[in-house]
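A short worksheet on the structure shown next.
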Amino acid sequence: MTILGEYALWIALPLSVWGMLLGYVGGRTQRGDYVLSAERSVYAVFFLLVLASLGVVSAFLGDKFEYWYVASYSNREMEVFYKITGLWAGQRGSLLFWAVVLAFFAALCVFLNRKKNREFMPYVAGVLQTILTFFLIVLLFADVNPFEQLAFTPANGQGLNPQLQNYWMTIHPPTLYLGFTAFTIPFAFAVAALLNGRLDARWIHLTRKWILLSWLFLSVGIIFGMRWAYEELGWGGYWFWDPVENASLLPWLTATAFLHSIQIQESRGMLKVWNMSLVLMTFLLTIFATFLTRSGLIESVHSFAEEIKIAYIFLGFMGSILAGCIVLILYRLPKLQSENRLESFVSRESAFLFNNLMLLGFAFAVFWGTIFPLVAEGFTGEKISVGPPFFERVNFP
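Just so we're on the same page, the numbering used here is the position in the sequence shown counted from 1, plus 4.
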């Protein structure tokens, strides 16, 4: 099963690239056969990533210590319960788990829209396959392949970090991953709207349930993490403003703002550019959270980086997405003009906008406090830390 999983991972990459290209070309040319092939490739990639994930789990259950990932996060004495969670215990497996959860949502999205919303689906499939292609390239070519073998087979593995041998390990990371990846669907529809020019509130109607689903999983995942930290780390509280904690909070804040502001676009045709910016920002922050946990650039008790060069790959990907979306927004700017104006500073629309500004101000303070140690070290060469007093002073009146 493990060998089959490794082959499945390699086969998934060309299929994902093929589906990505067919999605964009099919949307541009309106070729139904291209679009159908692009959508079928989503199903195929999901199936292959499930096989790859089962291959990793099989290696853990079989104590196959010839694989670096298994030898690093398991041993013969570990309970089966924790061997299964080994899939997302380290950098390599967690990236694969991220990809398979995204592929599941992508396949579900394609299935639910197989006979409707055809003006969006070619580009949606293309965007989803683009993101899957990125993660597959990282897994296969950035020295984080979970199927990498050692030159020798150790008699036993190192085992799982004692802090991770907790029942919360089975539900906290998967719940957060569900929240992160589910928001890729609204992002894909937003990009599809920019590409096909349908910039009314239609794309929002189509993704409202996905937005709520993502927000719900993020909320529950954050609460689970707080409870785990309280039990395991002995901080004397539920929140310590740790960088990885902050990274999970950031997309929740912007998603909350987005949930409020889309009501104004739906009812009044306003805040179109604002909403496009928020959906882009939230998606990038989900990638940022994934990047921060796995890059090792910022010290955190939650971080499990193994290969630091992955940080630059993630930064390049986020920069490319940001640049591409800015270009699309500028290109479609005439169609993104608001249909109405704010009538009063005490209107419902003004209240929603003020709410958004507060949430974004909160998010910016958390973001800046999180990355400041990295920025300061880059300019001064000195390591500094930003602790709870800063965040509490800035964010709470």
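Think of the CB as a built atom: it goes at the ideal place given N, C-alpha and C, for glycine as much as any other residue. Bear in mind the structure is a predicted one, so any value in this text is a computation, not a measurement.
Presumed contact (8 angstroms Cβ cut-off) between residue i and residue j, rounded CB distance
| i | j | result |
| --- | --- | --- |
| F228 | I175 | 6 angstroms |
| V277 | L210 | Not quite, the Cβ-Cβ distance comes to about 19 angstroms (not below 8 angstroms), so this is no contact. |
| L75 | G161 | Checking the sequence, you will find Ala at residue 75 rather than Leu. Right, the Cβ-Cβ distance comes to about 4 angstroms (below 8 angstroms), so this counts as a contact. |
| V84 | L58 | About 15 angstroms separates the two Cβ atoms, so there is no contact after all. |
| N128 | A192 | According to the sequence displayed, residue 128 carries Val and not Asn. 5 angstroms between Cβ atoms; contact. |
| M280 | I333 | 6 angstroms |
| G23 | V49 | 7 angstroms |
| L222 | P255 | 6 angstroms |
| F69 | T157 | 6 angstroms |
| I226 | S252 | 6 angstroms |
Status (buried if at least 16 other CB within 10 Å, exposed otherwise) for residue i
| i | result |
| --- | --- |
| P166 | exposed |
| L55 | buried |
| A12 | buried |
| E353 | buried |
| T297 | buried |
| D246 | buried |
| Y335 | exposed |
| T33 | exposed |
| Y316 | exposed |
| E235 | exposed |
Identified DSSP bridge partners for residue i
| i | result |
| --- | --- |
| Y71 | Q153 |
Below-8 angstroms beta-carbon distance, residue i vs any chain C residue
| i | result |
| --- | --- |
| D67 | You won't find chain C in this structure, because it holds only one protein chain. |
Same chain, Cβ closer than 6 angstroms to residue i, five either side skipped, listed in chain order
| i | result |
| --- | --- |
| P177 | W92 |
| F295 | F318 |
| R272 | N344 |
| G391 | none |
Residue i to residue j span [Cα, whole Å]
| i | j | result |
| --- | --- | --- |
| L116 | E123 | 14 angstroms |
| N200 | L357 | 28 angstroms |
| K120 | W207 | 13 angstroms |
| Y47 | F108 | 8 angstroms |
| E396 | V61 | 41 angstroms |
| L100 | R345 | 46 angstroms |
| M125 | L40 | 10 angstroms |
| W172 | W232 | 6 angstroms |
| A159 | A146 | 27 angstroms |
| Q133 | E81 | 39 angstroms |
| N359 | A261 | 7 angstroms |
| R96 | A110 | 21 angstroms |
| V29 | A42 | 10 angstroms |
| Y71 | I330 | 42 angstroms |
| G36 | A196 | 17 angstroms |
| G183 | T290 | 9 angstroms |
| F51 | G90 | 20 angstroms |
| E152 | Y73 | 7 angstroms |
| G328 | M322 | 10 angstroms |
Beta-carbon contacts of residue i that lie in its chain and below 7 angstroms, excluding the five residues immediately before and after
| i | result |
| --- | --- |
| Q169 | Y86 |
| W102 | F139, Y181, T185, T294 |
| G405 | Outside the modelled stretch of the chain, which goes from 5 to 401, sits residue 405, for which no answer is possible. |
| V142 | L99, V148, I314, I317 |
Residues of its chain near residue i, where Cβ-Cβ distance is below 8 angstroms and the 5 sequence neighbours each way are ignored
| i | result |
| --- | --- |
| L144 | L13, W14, L17 |
| L364 | L257, T258, A261 |
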